[in-house]
Structures are given as C-alpha cells and as structure tokens.
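Worksheet: one structure, shown below.
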Amino acid sequence: MNDARVRLRYLRQTISLLFPGPGEAQPYSLLPHPLVPRRLVPRSWWHPCGKVMVPSGEDTIETHLSQALGVPVRVVLHVRPARRANRKPILEAHGPAGPVAFVKIGDTVRTRELIVNEARTLDALAEVPLKTVVPPAVLHHGSWRGLEVLALSPLPVPDRTARLRRGAIPRDLLTEAVREISAVREGKHAWHGDFCPWNIALGPDGRLLVWDWERFATGVPLGFDALHHFFQSALRRMKPAVAARACVAQALPILAPFGLSAAEARLTAVHYLITLAERHAADGHEPLGPPARWLSPVVDAQEVLV
Numbered sequence: 001m002n003d004a005r006v007r008l009r010y011l012r013q014t015i016s017l018l019f020p021g022p023g024e025a026q027p028y029s030l031l032p033h034p035l036v037p038r039r040l041v042p043r044s045w046w047h048p049c050g051k052v053m054v055p056s057g058e059d060t061i062e063t064h065l066s067q068a069l070g071v072p073v074r075v076v077l078h079v080r081p082a083r084r085a086n087r088k089p090i091l092e093a094h095g096p097a098g099p100v101a102f103v104k105i106g107d108t109v110r111t112r113e114l115i116v117n118e119a120r121t122l123d124a125l126a127e128v129p130l131k132t133v134v135p136p137a138v139l140h141h142g143s144w145r146g147l148e149v150l151a152l153s154p155l156p157v158p159d160r161t162a163r164l165r166r167g168a169i170p171r172d173l174l175t176e177a178v179r180e181i182s183a184v185r186e187g188k189h190a191w192h193g194d195f196c197p198w199n200i201a202l203g204p205d206g207r208l209l210v211w212d213w214e215r216f217a218t219g220v221p222l223g224f225d226a227l228h229h230f231f232q233s234a235l236r237r238m239k240p241a242v243a244a245r246a247c248v249a250q251a252l253p254i255l256a257p258f259g260l261s262a263a264e265a266r267l268t269a270v271h272y273l274i275t276l277a278e279r280h281a282a283d284g285h286e287p288l289g290p291p292a293r294w295l296s297p298v299v300d301a302q303e304v305l306v
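Counting in UniProt numbering, the sequence shown runs from 1 upward without gaps.
Set out below in structure tokens:
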C-alpha cells in the first residue's frame with residue numbers, strides 16, 4: 001500500500017473517531033495554517049482536495065471542545081503523515097475570534113501515555129518562573145469517548161516572513177533554554193526530550209517558544225537536549241550512521257557551554273544515542289533503521305569510554 005493510501009485510510013479512521021453518528025455532512029478544512037508548527041502539518045499537500053465532508057451532530061469532538069473551552073468552536077483537522085509511534089490527530093480549534101487552541105487526540109495506548117505526560121509536564125511548568133522558555137498552557141485535559149484530549153494555548157509563532165527576517169535562533173539562546181529546562185526539577189537534570197528545530201521558534205519578545213513536551217523526562221545527563229537538537233538537524237542532511245558519528249565528534253563544542261570536558265562530552269553523546277535507540281525500541285518503531293547499523297559502530301568506537 002503506497003503512502004498516500006495509508007494517509008487517506010488514517011484520515012478516514014480519524015474522522016469516524018471524532019465525528020461519530022449520523023448527521024448532516026459538513027466540509028472541514030485540511031489545509032495547514034501559518035500558526036501551526038511545521039511538525040504538526042505535512043510539508044506538502046498530501047490530500048487531493050482542501051476540504052473533506054464529515055458528519056456533524058450533537059456528540060462530536062466539536063461539541064466536547066465547545067463545552068470544555070467555553071466558546072463555540074469549529075475545527076481544522078491535521079493528521080501526521082509519517083508512520084510514527086506517536087502519530088495522532090491534531091485539531092486546530094477556531095472560535096468566533098480566531099484560533100483558540102491546538103488539540104491533541106490520543107487514540108492509541110502509546111499516544112495516550114504521551115499526552116498524559118505532556119499535560120502533567122505543562123501543569124508543572126506553569127508553576128515555574130521561566131525566563132527564557134515559553135511553553136503552551138493547558139486549556140483542557142480530559143477524555144472523550146475513550147480518547148485522551150489535550151487542548152493547548154496557541155503560541156505567538158512569527159509568520160514565515162518574520163522568521164526569515166529574524167534569521168536563525170541565536171546559539172546563546174538555545175544554550176540558555178537547554179540550561180533552564182534542565183533545572184526545572186530540583187535535584188535532577190531534566191530534558192524536553194524532543195528539542196529539535198521544528199519544535200521551537202524565536203518569539204516576538206526574544207524568548208524561545210517551545211512546544212511538544214510529550215517526551216519530557218528527568219534523571220538524564222546535562223546537555224541531552226543540545227545533543228538532540230544537533231542530531232535531529234544533522235539527520236536532515238546525513239544518513240543516521242553519519243549523523244551519529246558527527247554527534248559524538250562534535251560533542252565537545254556542543255556541550256562545552258555546560259562545563260563538560262572532552263571525555264565527559266563524548267560519553268554523554270554516546271549515552272544520548274543509546275537512550276534514543278531505547279526509546280525507539282520501547283515504541284516498537286525504528287525510524288533510523290536497526291541500531292546495529294547506526295548506533296553500534298559509534299558505541300564500538302567509543303568502547304573505552306562506556
């Protein structure tokens with residue numbers, strides 16, 4: 001089955017979940033919105049039309065969100081095109097005055113777990129006086145028809161023109177963001193868990209907008225987020241094995257701002273790559289291919305450190 005058919009089948013399944021029961025057919029947009037982070041939207045048109053007909057009625061996700069958010073909403077449906085363990089429906093909820101929330105729907109055991117973790121994390125971050133990082137706020141977290149529902153506040157993401165004009169995010173800002181995230185839990189280093197270019201943006205006030213906190217965790221070495229940002233960026237232009245070697249080779253300049261020595265930096269990079277491979281194994285998904293191809297050669301080369 002080709003990728004387009006897989007996406008279309010998943011779209012149909014999603015519609016049946018979110019708009020159950022009989023009702024008059026209504027057109028719903030599938031078009032990306034400029035305020036939606038790139039990670040939440042396909043990079044190219046993957047559906048032959050801009051709108052799709054779905055049933056309306058009294059027991060749909062729209063009625064649930066309208067009650068939860070206290071404003072009548074209409075939704076734009078986004079479905080991640082990639083075959084990933086954390087693929088889930090994403091809704092853009094519009095009220096009378098415009099976008100009011102981005103809504104994640106947990107429709108599998110794994111995505112429910114990730115959404116619960118993100119809701120818990122964001123609730124905790126709301127109590128922390130952050131100076132550099134701006135996470136979204138939880139507007140609603142609950143369940144509907146057995147699905148996990150998490151509504152998040154929109155972040156003031158600059159439009160494409162403004163982002164190009166501003167240029168790349170300053171390295172000092174990235175470093176400070178990694179340091180601030182690491183310190184949000186007293187006594188344990190924390191990491192965002194998916195601190196990559198498509199999950200961050202320079203905000204209008206100069207702070208760093210950061211979304212997708214599903215993978216947040218504690219008890220990791222300082223600098224994991226910085227390594228993840230480098231590795232995910234490298235994967236855009238390198239094969240996984242080459243990117244993994246580059247991650248270890250560049251570990252010192254990546255982690256020097258956090259006070260690590262060359263040996264400590266290399267060891268931390270190897271630890272990060274192993275942690276990422278373990279995540280993929282737990283998800284039952286190998287987006288980088290078998291670890292024997294991209295991870296084992298790096299670990300073998302650094303055997304004296306590990």
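Cβ coordinates follow ideal geometry from the N, Cα and C atoms, glycine included. No experiment lies behind these values; they were computed from the predicted model shown.
DSSP has residue 74 in a bridge; who is on the other side?
Mapped onto the sequence shown, residue 74 falls at position 74. Beta-bridge pairing links residue 74 to 94.
Does the distance from the C-beta atom of residue 102 to that of residue 154 stay below 9 Å?
Taking the first residue of the sequence shown as 1, we reach residue 102 at position 102. Taking the first residue of the sequence shown as 1, we reach residue 154 at position 154. The answer is yes: Cβ separation under 9 Å.
Looking at residue 93: is its Cβ nearer than 9 Å to the Cβ of residue 65?
The residue labelled residue 93 in the question sits at position 93 within the sequence shown. The residue labelled residue 65 in the question sits at position 65 within the sequence shown. Contact flag set, yes.
In whole angstroms, give me the CA-to-CA distance for residue 236 and residue 174.
In the sequence shown, residue 236 corresponds to position 236, counting from 1. In the sequence shown, residue 174 corresponds to position 174, counting from 1. So the two alpha carbons sit approximately 19 Å from each other.
For residue 148, write down the residues that DSSP places opposite it in a beta bridge.
Taking the sequence shown and counting its residues from 1, the one referred to as residue 148 is at position 148. In DSSP, residue 148 forms a bridge with 106 and 143.
Among 208, 294, 100 and 59, nearest to residue 135 - alpha-carbon criterion
Sequence index remark: in the sequence shown, residue 135 carries index 135 (1-based). Comparing Cα positions, the closest option is 208.
With distances taken from CA atoms, which of 141, 177 and 145 is nearest residue 152?
As a position in the sequence shown, residue 152 is number 152, starting the count at 1. Among 141, 177 and 145, the Cα nearest to that of residue 152 belongs to 141.
Around the Cβ of residue 259, are there at least 16 other Cβ atoms within 10 angstroms (buried) or fewer (exposed)?
As a first step, residue 259 must be located in the sequence shown, where it is residue number 259. Under this definition residue 259 is an exposed residue.
Taking just the CA atoms, how far does residue 243 sit from residue 234?
Mapped onto the sequence shown, residue 234 falls at position 234. Mapped onto the sequence shown, residue 243 falls at position 243. Answer to the nearest angstrom: the Cα atoms are 5 Å apart.
Measuring CA to CA, which of 284, 276, 282 and 285 is closest to residue 296?
Along the sequence shown, read from residue 1 onward, the residue named residue 296 stands at position 296. Checking every option, the nearest Cα to that of residue 296 belongs to 276.
Can you have a look at residue 261 and say buried or exposed, based on whether 16 or more other CB atoms are within 10 angstroms of its CB?
Taking the sequence shown and counting its residues from 1, the one referred to as residue 261 is at position 261. With fewer than 16 Cβ atoms within 10 Å of its Cβ, residue 261 is classed as exposed.
What separation, rounded to the nearest whole angstrom, lies between the Cα atoms of residue 292 and residue 138?
Indexing the sequence shown from 1 puts residue 292 at position 292. Indexing the sequence shown from 1 puts residue 138 at position 138. Each residue's alpha carbon lies about 40 Å from the other.
Buried or exposed for residue 145, going by 16 or more other Cβ atoms inside 10 Å?
For the purposes of this step, residue 145 is identified with residue 145 of the sequence shown, where counting begins at 1. That one is exposed.
Per the DSSP calculation, residue 217 is bridged to which residue(s)?
Your numbering for residue 217 matches position 217 in the sequence shown. Residue 217 is bridged to 191.
Rounded separation between residue 110 and residue 245 - CA only:
Translated into positions along the sequence shown, residue 110 becomes position 110. Translated into positions along the sequence shown, residue 245 becomes position 245. Going from the Cα of residue 110 to the Cα of residue 245 covers about 30 Å.
By the three-class DSSP mapping on this structure, what secondary structure does residue 197 have?
On the sequence shown, position 197 is the one that residue 197 refers to. Helix, per DSSP.
Residue 208, enclosing beta strand (DSSP E) - first and last residue:
As a working note, residue 208 is residue 208 in the sequence shown. Where residue 208 is concerned, the enclosing beta strand (DSSP E) stretches over 208-210.
For residue 125, which residues of its own chain have a beta-carbon under 7 Å away from its beta-carbon, when the five flanking residues on both sides are left out?
Sequence index remark: in the sequence shown, residue 125 carries index 125 (1-based). The answer, listed in chain order, is 135 and 184.
Whole-number beta carbon distance between residue 227 and residue 254, since they are thought to touch under 8 Å:
If you number the sequence shown from 1, residue 254 lands on position 254. If you number the sequence shown from 1, residue 227 lands on position 227. Correct: roughly 6 Å between the Cβ atoms.
Pick helix, strand or coil for residue 253, following the three-state DSSP scheme.
Within the sequence shown, the letter at position 253 stands for residue 253. Looking at residue 253 - three-state DSSP - the assignment turns out to be helix.
Apart from the five residues on each side of it in sequence, which residues of its chain come closer than 6 Å, Cβ to Cβ, to residue 232?
Taking the first residue of the sequence shown as 1, we reach residue 232 at position 232. Around residue 232: 196.
How big is the Cα-Cα spacing for residue 180 and residue 186?
Within the sequence shown, the letter at position 180 stands for residue 180. Within the sequence shown, the letter at position 186 stands for residue 186. In a straight line, the C-alpha of residue 180 is about 11 Å away from that of residue 186.
Coil, strand or helix - residue 99 by DSSP
On the sequence shown, position 99 is the one that residue 99 refers to. Residue 99 falls in the strand class under three-state DSSP.
Out of 177, 157, 168 and 112, which one is the CA nearest neighbour of residue 214?
Along the sequence shown, one-based indexing puts residue 214 at 214. For the residues 177, 157, 168 and 112, the minimum Cα distance to residue 214 belongs to 112.
With 16 as the cutoff for other CB atoms within 10 Å, does residue 171 come out buried or exposed?
Translated into the one-based positions of the sequence shown, residue 171 becomes position 171. Residue 171 comes out exposed.
With burial defined as no fewer than 16 other Cβ atoms inside 10 Å of the residue's Cβ, what is the status of residue 121: buried or exposed?
Residue 121 sits at position 121 when you count from the first residue of the sequence shown. Its Cβ being crowded by 16 or more others within 10 Å, residue 121 is buried.
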